[in-house]
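S.K.: Residue numbers (this note's numbering): 888 to 1192.
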Ligand SMILES: NC(=O)c1ccc[n+]([C@@H]2O[C@H](COP(=O)([O-])OP(=O)(O)OC[C@H]3O[C@@H](n4cnc5c(N)ncnc54)[C@H](OP(=O)(O)O)[C@@H]3O)[C@@H](O)[C@H]2O)c1
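1. Are there three or more Cβ pairs, one per stretch, closer than 8 Å when the stretch 1023 to 1032 is compared with the stretch 1114 to 1122?
2. Do three or more CB pairs link the stretch 1159 to 1175 to the stretch 1046 to 1063 at distances below 8 Å?
3. For residue 1150, name the three-state secondary structure that DSSP assigns.
4. Just the C-alpha distance for residue 923 and residue 891, rounded to the nearest angstrom, thanks.
5. According to DSSP, residue 1038 sits in a beta bridge with which residue or residues?
6. Just curious, the beta strand (DSSP E) that residue 1187 is in, first and last residue?
7. Does residue 918 come out as helix, strand or coil in the three-state DSSP assignment?
8. Opposite residue 975 in the DSSP bridges: which residues?
9. Could you check where the beta strand (DSSP E) with residue 907 kicks off and where it finishes?
10. State yes or no: is the C-beta of residue 1031 nearer than 8 Å to some heavy atom of ligand 1?
11. So for residue 1107, helix, strand or coil by DSSP?
12. Grab the span of the alpha helix (DSSP H) containing residue 1120 for me, first residue to last.
13. Going by CA-CA distance only, name the one from 928, 947, 1053, 905 that's closest to residue 989.
14. With a threshold of 8 Å (Cβ to nearest heavy atom), would residue 1167 be considered close to ligand 1?
15. Mapping DSSP to helix, strand and coil, what is residue 1139?
16. Is it the case that the Cβ atoms of residue 919 and residue 992 are separated by a distance below 9 Å?
17. Which partner residues of residue 926 appear in the DSSP bridge assignment?
18. Determine the direct distance from the alpha carbon of residue 1029 to that of residue 1041, and round the result to whole angstroms.
19. Using the DSSP secondary-structure output, state which residues sit across from residue 1073 in a beta bridge.
20. Give the range of the beta strand (DSSP E) segment to which residue 1080 is assigned.
21. Assign residue 1138 to one of two classes, buried (16 or more other C-beta atoms within 10 Å of its C-beta) or exposed (fewer than that).
22. Are the CB atoms of residue 1064 and residue 1082 nearer to each other than 9 Å?
Take a look at the structure:
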C-alpha cells in the first residue's frame, strides 16, 4: 500500500515521505479499514507517541495521522460490533501506525458507524476536534446552560467545535484568536471576539470555563479570569498557573463511539460545521502539510478519490 512515513523528529513535516509499505494486519478486537479520508494534526510530530511505542521503544519509521473515515475490510480475532463493508470513522491509537495510508488497523471500539449521507472527507475532519471539544466542555469542564466560556484559538479545528457545542449547550461564548480571525470566529457563533494580539484579555472579566488550546502566557493570564468554582480546561499540557478558586484540568482526547455518533448527528442536521481548509490527495499530502503561507482550516487527505 501507499503510506506516508516519518523517521526523523527534527525534520518535522518536511521529513515526511510517501513510500510503499506493507498492509497492516488486524490484531485481537481490531478492524482493518480501507482509508478513504484522513486527518492529521501538525503538532503530532512533537508527540512522543509518534516516535515510540508504549514501552518507549523506537517505532520509526512510523505512519502519522490519527483521524480516519473509511470502510472496514477485515476483522481481527474476536472483533464484534462492526462488520466488513461498513462505513466508519474515528480515532486511531496514538502509539500505532496511523491513517496517512491506504489501510490502517484500529481497535474497533475506537470507531463509530459513519452514516451513508456523510462524506468521508467530512467524517475524517471530526474525530479529534469534535471529541476534544465535547470532552473538554462536558466531561472535564462540566459546562451547563447559562455559563460563560472563553474559547481560545476559536478559529482553529478544536476552537470552532468548542464554540458551536458550547453555544448549543446554552453557554455565552467569547472566542479568541488573531485579528484576521475575527469574522470566522463570529461566524462560527461566538458572541464576542478578543484579538489576542491587540486587545486586553483581562477586559473579558470573569468566566466559568476557559478552554485553552494555546498554552504559555495566554493560558497563564486566563487562569485569573476564572470565576469561583470555574474550570480551566487545557489540551496543551498541565497548567502552570491554576485558578485561585477553581479547577485546572488537562487531558488527552480519547475515542468514544457514543460521542462520535452524537457529533456526526449534529453535522447531519446542520447544528455543527467543520472547518476544512484544503483537501489533498495522498500523493500531494506532503506538499499540503508543508504550506508556504498561513492556511485557514484543517487539511484533509482524501486517500481514495
Ligand atoms: N490533548 C489533546 O487531546 C489535544 C486534542 C486536540 C488538539 N490538541 C492540541 O491543541 C492545539 C490546537 O489544536 P487545533 O487542531 O485546534 O489547532 P489549530 O487548528 O491550528 O487551531 C489553533 C488556533 O489558535 C490560534 N493561535 C495559536 N496561538 C495563538 C496566539 N498566540 N494568539 C492568537 N491565536 C493563536 C491559531 O492561529 P494560527 O494558525 O495563526 O497560529 C489557530 O487559529 C494543538 O497544540 C494540538 O496539538 C490537543
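Ideal Cβ positions, reconstructed from N, Cα and C, are used throughout, including at glycine.
Small disclaimer: the values here were computed from a predicted structure and weren't measured.
M.R.: By the coordinates alone:
1. yes
2. yes
3. Indexing the chain shown from 1 puts residue 1150 at position 263. Three-state DSSP puts residue 1150 in a helix.
4. Sequence index remark: in the chain shown, residue 923 carries index 36 (1-based). Sequence index remark: in the chain shown, residue 891 carries index 4 (1-based). Roughly 15 Å between the two C-alpha positions.
5. Mapped onto the chain shown, residue 1038 falls at position 151. DSSP output for residue 1038 lists 1062, 1098 as bridge partner(s).
6. For the purposes of this step, residue 1187 is identified with residue 300 of the chain shown, where counting begins at 1. Segment 1185 to 1189, the beta strand (DSSP E) holding residue 1187.
7. Numbered from its first residue, the chain shown carries residue 918 at position 31. Three-state result, residue 918: strand.
8. Mapped onto the chain shown, residue 975 falls at position 88. The partner list for residue 975 (beta bridge, DSSP) reads 957, 1000.
9. Numbered from 1 along the chain shown, position 20 holds the residue referred to as residue 907. That run of the beta strand (DSSP E) goes 904 to 907.
10. Locating residue 1031 in the chain shown gives position 144, counting from the first residue. No, ligand 1 has no heavy atom inside 8 Å of this Cβ.
11. On the chain shown, position 220 is the one that residue 1107 refers to. Correct three-state label for residue 1107: helix.
12. Translated into the one-based positions of the chain shown, residue 1120 becomes position 233. From DSSP, residue 1120 is part of no alpha helix (DSSP H) but of the beta strand (DSSP E) over 1113 to 1121.
13. Here residue 989 corresponds to residue number 102 of the chain shown, with the count starting at 1. The candidate whose alpha carbon is nearest that of residue 989 is 905.
14. For this step, residue 1167 is matched to residue 280 along the chain shown. No, since every heavy atom of ligand 1 falls outside the 8 Å radius drawn around the Cβ of residue 1167.
15. Taking the chain shown and counting its residues from 1, one reaches residue 1139 at position 252. Three-state result, residue 1139: coil.
16. For the purposes of this step, residue 919 is taken as residue 32 along the chain shown, with counting starting at 1. For the purposes of this step, residue 992 is taken as residue 105 along the chain shown, with counting starting at 1. In this structure, residue 992 lies closer than 9 Å to residue 919 by Cβ.
17. Walking along the chain shown from the start, residue 926 turns up at place 39. The partner list for residue 926 (beta bridge, DSSP) reads 954, 1187.
18. The residue labelled residue 1041 in the question sits at position 154 within the chain shown. The residue labelled residue 1029 in the question sits at position 142 within the chain shown. Near 19 Å, if we compare the C-alpha coordinates of residue 1029 and residue 1041.
19. Looking up residue 1073 in the chain shown gives position 186. Assignment of beta-bridge partners to residue 1073 by DSSP yields no partner.
20. On the chain shown, position 193 is the one that residue 1080 refers to. Start and end: 1079 to 1082.
21. Position 251 of the chain shown, counted from the start, is the residue given in the question as residue 1138. Residue burial is scored here from C-beta neighbours: residue 1138 has fewer than 16 other C-beta atoms within 10 angstroms and is therefore classed as exposed.
22. As a first step, residue 1064 is located in the chain shown; it is residue number 177 there, counting from the start. As a first step, residue 1082 is located in the chain shown; it is residue number 195 there, counting from the start. Yes, the pair counts as a contact, with Cβ atoms nearer than the cut-off.
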